[in-house]
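For the record, the sequence lines run as chains P and Y. Under this note's numbering, think of the first position of the first sequence as 19, with each following residue one higher. Under this note's numbering, think of the first position of the second sequence as 56, with each following residue one higher. Okay, structure first, notes after.
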Amino acid sequence: MINPQEITRHVYWNIPLLFKILVYVGGLGAIALAAWAVYQRLQIWKKGRDEERKDNLKERFIFAAKNIFLHTRILKDQYPGIMHLAIFWGFLVLFIGTILVAIEADVPFVHFYYGVFYLLVSLALDMAGLVLVIGVCMALYRRLKEKPDRLQPEKTEDNLILYLLLAVALTGFLTEAVRIAAQGFPRFELYSPVGFLLAIPLNIIGVNGTLAHRLFWLIHMVCSFAFIVYIGYSKLLHIAVTPANIVFRDRRSYGVVDPILDMEEAESFGLTKIEELSWKQLMDLDACMRCGRCQEACPAHNTDKPLSPKNLIQDLKEHMNERLVQSKDPEEYTPYQKISDDVLWACTTCAACMEECPAYIEHIDKIIEMRRYLSLMEGRIPEELNQTFRNMENNYNPWGVGFANRADWAEGLDIPILSEKGSAEYLLWVGCAGAYDDRYKKVLKALVEILRAANLDFAILGTEEKCCGDWARRLGNEYLFWMMATENVEILNGYGVKKIITACPHGYHTLKNEYPQFSGNYQVVHHTQLIAQLLEEGKISLKKTLEGTFTYHDSCYLGRHNHVYDEPRKILQRLGLSLKEMEKTREKGFCCGAGGGRMWLEEKIGTRINYARCDQALAVEPQGIATACPFCLTMFDDGLKAKDKIEEIQLKDIAELVAEAIK
Amino acid sequence: MKVVVFCKSVPDTETRVKLKDNRLDKSEIKYILNPYDEFAVEEAVRMKEAGKVDEVVAISMGPERAREALRSALAIGADRGILIKDDVLDGSDTYVTAKVLVKALEKDGAEYGMLLFGQQAIDGDTWHVPGQVAEMLGLPQAGSIIKLEVDPDAGKAVANRLVEGGEEVHEMSLPCVVTCRKGLNEPRYPSLPNIMKAKRKPIQDYSIADLDLSPEEVGKAGSFTEVLSYSLPPKKEAGRKVEGEPEEVVQALVKFLKEEIKVI
Chain P
19 MINPQEITRH
29 VYWNIPLLFK
39 ILVYVGGLGA
49 IALAAWAVYQ
59 RLQIWKKGRD
69 EERKDNLKER
79 FIFAAKNIFL
89 HTRILKDQYP
99 GIMHLAIFWG
109 FLVLFIGTIL
119 VAIEADVPFV
129 HFYYGVFYLL
139 VSLALDMAGL
149 VLVIGVCMAL
159 YRRLKEKPDR
169 LQPEKTEDNL
179 ILYLLLAVAL
189 TGFLTEAVRI
199 AAQGFPRFEL
209 YSPVGFLLAI
219 PLNIIGVNGT
229 LAHRLFWLIH
239 MVCSFAFIVY
249 IGYSKLLHIA
259 VTPANIVFRD
269 RRSYGVVDPI
279 LDMEEAESFG
289 LTKIEELSWK
299 QLMDLDACMR
309 CGRCQEACPA
319 HNTDKPLSPK
329 NLIQDLKEHM
339 NERLVQSKDP
349 EEYTPYQKIS
359 DDVLWACTTC
369 AACMEECPAY
379 IEHIDKIIEM
389 RRYLSLMEGR
399 IPEELNQTFR
409 NMENNYNPWG
419 VGFANRADWA
429 EGLDIPILSE
439 KGSAEYLLWV
449 GCAGAYDDRY
459 KKVLKALVEI
469 LRAANLDFAI
479 LGTEEKCCGD
489 WARRLGNEYL
499 FWMMATENVE
509 ILNGYGVKKI
519 ITACPHGYHT
529 LKNEYPQFSG
539 NYQVVHHTQL
549 IAQLLEEGKI
559 SLKKTLEGTF
569 TYHDSCYLGR
579 HNHVYDEPRK
589 ILQRLGLSLK
599 EMEKTREKGF
609 CCGAGGGRMW
619 LEEKIGTRIN
629 YARCDQALAV
639 EPQGIATACP
649 FCLTMFDDGL
659 KAKDKIEEIQ
669 LKDIAELVAE
679 AIK
Chain Y
56 MKVVVFCKSV
66 PDTETRVKLK
76 DNRLDKSEIK
86 YILNPYDEFA
96 VEEAVRMKEA
106 GKVDEVVAIS
116 MGPERAREAL
126 RSALAIGADR
136 GILIKDDVLD
146 GSDTYVTAKV
156 LVKALEKDGA
166 EYGMLLFGQQ
176 AIDGDTWHVP
186 GQVAEMLGLP
196 QAGSIIKLEV
206 DPDAGKAVAN
216 RLVEGGEEVH
226 EMSLPCVVTC
236 RKGLNEPRYP
246 SLPNIMKAKR
256 KPIQDYSIAD
266 LDLSPEEVGK
276 AGSFTEVLSY
286 SLPPKKEAGR
296 KVEGEPEEVV
306 QALVKFLKEE
316 IKVI
């Protein structure tokens, strides 16, 4: 039995005093340099506008901790997820180990690095080193061999960081191995299995002396310090920034944007100077690692539009550095030199990028800020928008059909109008599509049948309803949105409306999440939520079972923006339909191409998003496609017509299917 | 050089026209700046932006709501507005309108280089007023133009009109009258700062008395024409569809043409 005190290693074994001094000077210097760089970035973000992001701190930290330590979001993409997890945990354990060793070496009268503890720490560190090497090799394989599109274009730092990490890990093992060999292979060092095994061949070829040990040790130290310094001056900055970025993430639904305050008094609108972004929006730019998950998910990028959310953030970051680090003239250097109008108009605000981003960067609000500049300041809008905006101004709907015709769809249906009825439990928010689009009028009629079957007390606003303003807001015309929103809220509050049913995810999102900005606070449900509830509670009963295989397309504003994924699917199954999911579904759903005001823009660049989505749906060979959004329905209708499949495939809103089954 | 653009507040193109007591029911009408006038305002503002014009004045005759039409013109970029508003103007025909507009022009000072109109107002659709104003002032005019080149130094303007099979090119000395149509330009969507600025731009109000006119000279009293009644176009009847084999369909059609409407 050996004395546990002898199961240990002397921390600075074989290291001369001069080297020791260099370690302390170098180590502290490296940390100071990295800290200084982080401090500098902090000063840059502070130049941004103030924004409240410190509410619910406890929840914020718990959420961030889950994402950091468990990699909840990073792991959603398997290979790179595991790769990063390996590097992260390997690195973290080694970092903790280094701190323990430093305490043992430098804190007087503290001595714990021996015996069982020593063995466990040795084993943990060796395993961590191995995991780190595996992670780095996975990353190198990806960068050197697989070269996925989303990682292009690469920068020198990308591979340099990996080589540096590999050098740190390998020289660590070599130092350990040579020490074990030089100490004559003590049996307890089998708890450092990698070092022990590595020592055997090294010993055979004669690399086992104190000189070799010192050399490896020195390289190990130099690489480690270089790495620490590099944290401050490369994308390794994410070690500091990304966790903070997750803590301060926007806790609201993805698509919610802030209103322009003092619309009447403001002198400039939208993003004219980069410092008009908030500190958090600036921090976002530094949190980006160029991993490209956003770009891979982006429907615009996937159909050859010039938009890549990754490049957008990187371009803004470069501009931020030009302006706020190099202090270049804001008149001469604007964000719009790097980011073209076509890039900005290509976005469907579907939030696929935001759902993917492991750093929780918020892309949509930046795009909207920039669109506000184009729409409100410059009037630099695609030609066709001119008419859409005027239509909304004059007739309160994007089609421009007379506002007096808004209730025509309900003629003969005997639907109570709030101005005549006075009050009702539910207000049915018809929406522009329900009121004016011939195809969607049928969906509204189906919905009315369902509401009647459930004996709900409901009414509509009739011609008093105006466009919810979603399109105007997403297209950057905040002034128009503000007019629509304030006028609608005035009417709704005037009737004391409390519960609203919407038949459109855009109205749903806008009324539910954005009207509170204008004192419009209502309980808003989308028709699929309400129908699911009515079925659940037995308030409507199905008279027949439908047959067939359907696929369901998630509307972005219902799904990603508001997490309504299950209700539509439950309804379809309840109806007796068998549900076949597309490859890109639920959180990973692929936009139909209409969101973000794209409904009203020509799609002149690249291929059509709705065709791409139709192909994805057709790939599962369904008999029918179910939607829950008028604009998704239109996009599929166009797409299926173009593909000559409209006769074969049933294209239905969920309300229509339910109405059929309750007859 | 000052140019003057004439603006009219008209019901939106999508208005569902309803009648009440033999008059237009105005309760559900949304009023806009006459779309043809927008081409005129846009063209004038572009001339100003090109440095050819110093001031763009927008004039409207109409009730209080015409002020909004003027604001729209100011948002596009006109510098100031003039609103001729008087209860006794109600019932004025195009002749009186032209007469009043000419008076307002004189009141504002005669030194204008060009008068721009929309070719027609989408409500009354008479196309009268620009020609009447030009005649009253003895100015050269070109109607429904699709291209305009102005040379203030040489005191002339060249305007292209679309005619059947080609274009007519007119050279006119300044001042002159032009009426504008689609194809001349694409009116801009006003930027928000310009919409806000438009709210602060001056609009001068004139009554009949300010223009040295008496109530007898305007309104129904001063007009040559009077609107007696309004009626909506008859409702379109549903078409009739003939189905069957080609021979049967042709026979049915021939029978219809011979016996029912007797054209063959």
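Positions of the beta carbon are idealized from the N, C-alpha and C atoms, including for glycine. Here the structure is a predicted model, which is why all the values come from computation and not from measurement.
Within chain P, partners of residue i - CB distance below 9 Å
i        : result
Ser115/Y : Neighbours of Ser115/Y on chain P: none; closest Cβ ~18 Å, over 9 Å.
Contact set between residue i and chain Y, taken where Cβ atoms lie within less than 9 Å
i        : result
Val419/P : Glu69
Asn404/P : Glu241, Pro242, Arg243 and Tyr244
Coarse secondary structure for residue i, derived from DSSP in three states
i        : result
Pro270/Y : helix
Ala130/Y : helix
Glu396/P : helix
Asp206/Y : strand
Ala187/P : helix
Ala197/Y : strand
Arg78/Y  : strand
Lys517/P : strand
Gln720/P : This structure cannot speak to residue 720/P, because chain P is shown only from 19 to 681.
Arg389/P : helix
Lys72/P  : coil
Thr70/Y  : coil
Phe649/P : helix
Gln23/P  : helix
Glu6/P   : Outside the displayed range of chain P (19 to 681) lies residue 6/P, so it cannot be described from this structure.
Tyr540/P : coil
Leu88/Y  : strand
Glu110/Y : strand
Met372/P : helix
Residues near residue i by beta carbon distance below 7 Å, same chain, minus five either side
i        : result
Ala82/P  : Pro261, Ile264 and Val265
Met102/Y : Val58, Val108 and Val205
Glu226/Y : Lys211 and Val213
Glu98/Y  : Leu171, Leu203, Cys235, Leu239 and Asn240
Per-residue contacts from residue i into chain Y (C-beta, under 8 Å)
i        : result
Ile399/P : Tyr244
Phe287/P : Leu247 and Pro248
Met395/P : Ser246, Leu247 and Pro248
Glu282/P : Met251
Tyr497/P : Leu247 and Ile250
Phe407/P : Tyr244
Under 7 Å by beta carbon: chain Y residues contacting residue i
i        : result
Tyr354/P : Ordered by position in chain Y, no residue passes the 7 Å Cβ test against Tyr354/P, which lies about 15 Å from the chain.
Cβ-based neighbour list, residue i, same chain, cut-off 6 Å, excluding 5 preceding and 5 following
i        : result
Ile249/P : Ala52 and Ile257
Ile250/Y : Ala130
Leu61/Y  : Checking the sequence, you will find Phe at residue 61/Y rather than Leu. Excluding positions up to five away in sequence, the list reads Ile114 and Phe172.
Cys485/P : Met410, Tyr414, Asn415, Cys450 and Met502
Pro640/P : Thr567, Phe568, Thr569 and Lys598
Lys65/P  : Glu293 and Leu342
7 Å Cβ cut-off: residues of chain P touching residue i
i       : result
Lys85/Y : Asn412, Asn413 and Phe421
Contacts around residue i, its chain only, beta-carbon distance under 8 Å, and the 5 residues preceding and following it disregarded
i        : result
Gly99/P  : His89, Ile92 and Leu93
Val461/P : Gly452, Ala521, Pro648, Leu651, Asp671, Ala673 and Glu674
Does the pairing of the stretch 65-80 of chain Y with the stretch 469-483 of chain P give three or more beta-carbon distances under 8 Å?
no
Note down, one range per segment and in chain order, each alpha helix (DSSP H) of at least 4 residues found wholly within the stretch 206-287 of chain Y.
Note on the stretch 206-287 of chain Y: whole alpha helix (DSSP H) runs with a minimum of 4 residues are 247-255 and 274-277, in chain order.
If you scan the stretch 581-607 of chain P from start to end, which runs of the alpha helix (DSSP H) of 4 or more residues do you find wholly inside it?
584-592
If we require 4 or more residues per run, which alpha helix (DSSP H) segments fall completely within the stretch 129-184 of chain Y?
149-163
Closer than 8 Å is the cut-off here; do at least three beta carbon pairs connect the stretch 588-597 of chain P with the stretch 555-570 of chain P?
yes
Counting Cβ pairs, one atom from each stretch, are 3 or more of them under 8 Å apart for the stretch 136-149 of chain Y and the stretch 210-217 of chain Y?
No: fewer than three Cβ pairs fall under 8 Å.
Three Cβ pairs or more, each shorter than 8 Å: is that satisfied between the stretch 528-542 of chain P and the stretch 500-513 of chain P?
yes
Do the stretch 370-381 of chain P and the stretch 302-322 of chain P touch if we need at least three Cβ pairs shorter than 8 Å?
yes
May I ask you to verify whether the stretch 293-304 of chain P touches the stretch 110-119 of chain P, counting CB pairs closer than 8 Å and requiring at least 3?
no
Which ranges would you report for the alpha helix (DSSP H) in the stretch 429-460 of chain P if only whole runs of at least 4 residues count?
436-439 and 449-454
Mind the definition here: the stretch 125-134 of chain P touches the stretch 409-418 of chain P only if three or more C-beta pairs lie below 8 Å; say whether that holds.
no
Every unbroken alpha helix (DSSP H) inside the stretch 202-289 of chain P [4 residues or more]:
Qualifying alpha helix (DSSP H) stretches, in chain order: 211-223, 228-251 and 256-265.
Do the stretch 383-390 of chain P and the stretch 269-288 of chain P meet, that is, are 3 or more Cβ pairs less than 8 Å apart?
yes
Could you check whether the stretch 217-231 of chain Y touches the stretch 115-127 of chain Y, counting it as contact only if at least three pairs of C-beta atoms, one from each stretch, sit closer than 8 Å?
no
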